[in-house]
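Converting from the sequence shown to this note's numbering requires adding 75 to each position, the first position being numbered 1.
All residues carry an ideal CB built from backbone N, CA and C; glycine is no exception.
Have a look at the structure below before the remarks.
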Amino acid sequence: MKQSEIVIDAIKGRRSVRSFEEKRVDREIIEEILQAGRYAPSAENRQPWRFIVITNKEMMDDLSRLIKNEIKKLIKHRFIKGFSIKELKEEDTLKFLYAVAYSEKDVIFYNAPVLIFIVTENRLFNDESCACCAENMMIAAHALGLGSCWIGFASILGLNKEIKKKVGIPEGHHISAALVFGYPKTKKQRIAPRKSGLDILKWID
Ligand SMILES: Cc1cc2nc3c(=O)[nH]c(=O)nc-3n(C[C@H](O)[C@H](O)[C@H](O)COP(=O)(O)O)c2cc1C
76 MKQSEIVIDA IKGRRSVRSF EEKRVDREII EEILQAGRYA PSAENRQPWR FIVITNKEMM
136 DDLSRLIKNE IKKLIKHRFI KGFSIKELKE EDTLKFLYAV AYSEKDVIFY NAPVLIFIVT
196 ENRLFNDESC ACCAENMMIA AHALGLGSCW IGFASILGLN KEIKKKVGIP EGHHISAALV
256 FGYPKTKKQR IAPRKSGLDI LKWID
């Protein structure tokens, strides 16, 4: 296989994984994933990311509970300071959030053994740079035989000062991306449907 094919295969083969084996991930593997993140492009090469790696199950269960509580507040008030979802008016979204908030299971982090917060300061293009970093990490994880998932729900945590302190998010920083990693339970992942090229592509020759 040519190197280009290997890279493109890894990009196309990555799937969001939501079911993990109860197997710890070695620190060296986590470090390799972080290293791939650090090679992402960033505006002005500012490399605006900082990483918080959590492998402590108790802490993750705690955070999962806190997120569910924040979602409950969101459902009740349709708004949390600095965070509103216009889709909350849609019944399907409300039903989905309700199911997540009141589930007994860890439907936030899916019992993954590793959670990584990418945190950054509020500055132009910092979040875009962190998203590049996150994608690098997820592709690297896939290449190393691990599964990953971006947990958008976790960004809610960054709005609560107490939680920010608990996790150690530095002053003036927010969660730009939260990613979980672990060994996937199922090897073959269903491919999420992709929009047809015709719908999303315009050529100007
Ligand atoms: C910004 C962002 C937020 C996401 N948040 C969540 C989430 O909270 N929970 C979840 O299970 N998946 C989440 N995902 C994963 C998407 O659902 C997933 O990428 C999409 O369905 C396409 O599937 P694929 O990653 O397998 O290609 C998120 C993805 C992105 C990029």
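Pick from the options: whose alpha carbon is nearest that of residue i?
i           : options          : result
residue 151 : 200, 172 and 233 : 172
residue 109 : 279, 256 and 263 : 256
residue 118 : 198, 273 and 271 : 198
residue 136 : 277, 242 and 251 : 242
residue 240 : 138, 272 and 276 : 138
residue 181 : 230, 270 and 133 : 133
For residue i, I'd like the list of residues in its chain whose CB is within less than 8 Å of its CB, leaving aside the five on either flank, ordered along the chain.
i           : result
residue 218 : 85
residue 141 : 232, 235 and 238
residue 96  : 257, 258, 259 and 260
residue 98  : 188, 257 and 258
Within its chain, find whatever has a CB closer than 6 Å to the CB of residue i; leave out the 5 residues flanking it on each side and keep chain order.
i           : result
residue 143 : 176
residue 94  : 260
residue 115 : 207, 208 and 211
residue 249 : 233
residue 185 : 93
For the alpha helix (DSSP H) that residue i lies in, which residues bound it at each end?
i           : result
residue 242 : 236-242
residue 79  : 78-88
residue 175 : 166-176
residue 125 : No alpha helix (DSSP H) holds residue 125; the beta strand (DSSP E) holding it covers 125-129.
residue 148 : 132-152
residue 201 : 201-218
Would you kindly report the start and end of the unbroken beta strand (DSSP E) that includes residue i?
i           : result
residue 196 : 189-196
residue 265 : Premise fails: residue 265 is in no beta strand (DSSP E) and is neither H nor E.
residue 253 : 248-257
residue 223 : 222-225
I think residue i touches residue j, with their Cβ atoms under 8 Å apart; what is that distance to the nearest whole Å?
i           : j           : result
residue 112 : residue 235 : About 25 Å separates the two Cβ atoms, so there is no contact after all.
residue 264 : residue 100 : Wrong, their Cβ atoms sit about 18 Å apart, outside the cutoff.
residue 201 : residue 268 : Actually they do not touch by this definition, with Cβ atoms about 31 Å apart.
residue 230 : residue 253 : 7 Å
Would you say residue i and residue j are within 8 Å of each other, going by their C-beta atoms?
i           : j           : result
residue 208 : residue 193 : yes
residue 214 : residue 90  : no
residue 183 : residue 128 : no
residue 247 : residue 196 : yes
residue 245 : residue 121 : no
residue 205 : residue 271 : no
Quick one: what's got a C-beta closer than 7 Å to residue i's C-beta in the same chain, skipping five residues either side?
i           : result
residue 103 : none
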